[in-house]
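Enquirer:
Residue numbers (this note's numbering): 541 to 665.
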């Protein structure tokens, strides 16, 4: 029982982190270009923040493309790719924290059966 409570607390904390990160990114969305003056760490940070938001879209790819014209495009791609990959972990955290809620919904059970029965074709629908 204690393990179940720890898992619930971890899910709630993960969801709160994702929400806080999304609100932060949305609040600085107009100032993303200012991070570019920091070079590759700035590009990493822009990509991280742009990909960290799950709830609200953040424009980061335009800045990364622009920086590719100023800095070494391969290094920009590496910095942006690493930042984007780490930023996307917020989506994983959101899925992890919401898993317990979704599993309790009746439709979830039907969807699981449908996916198991139809396999890969379900993704196309």
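Built from N, CA and C at the ideal position, the CB exists for glycine as well. Predicted, not measured: the structure shown is a model, and the values here were computed from it.
(1) Could you give the first and the last residue of the continuous alpha helix (DSSP H) run that contains residue 582?
(2) Which residue from 614, 548 and 545 puts its Cα closest to that of residue 580?
(3) Touch check for the region 637 to 644 and the region 551 to 558: three-plus C-beta pairs under 8 Å?
(4) Looking at residue 619 and residue 584, is the spacing between their C-beta atoms short of 7 Å?
(5) Compute the Euclidean distance between the alpha carbons of residue 649 and residue 643, then round it to the nearest angstrom.
(6) Put residue 605 into one of helix, strand or coil per three-state DSSP.
Expert: According to the structure data:
(1) The residue you call residue 582 lines up with position 42 of the chain shown. Note, residue 582: alpha helix (DSSP H), 580 to 592.
(2) Within the chain shown, residue 580 is the residue found at index 40, counting from 1. Closest by alpha carbon: 614.
(3) yes
(4) In the chain shown, residue 584 corresponds to position 44, counting from 1. In the chain shown, residue 619 corresponds to position 79, counting from 1. The answer is yes: Cβ separation under 7 Å.
(5) Translated into the one-based positions of the chain shown, residue 649 becomes position 109. Translated into the one-based positions of the chain shown, residue 643 becomes position 103. Distance between the alpha carbons of residue 649 and residue 643 is about 7 Å.
(6) Taking the chain shown and counting its residues from 1, one reaches residue 605 at position 65. Residue 605 falls in the helix class under three-state DSSP.
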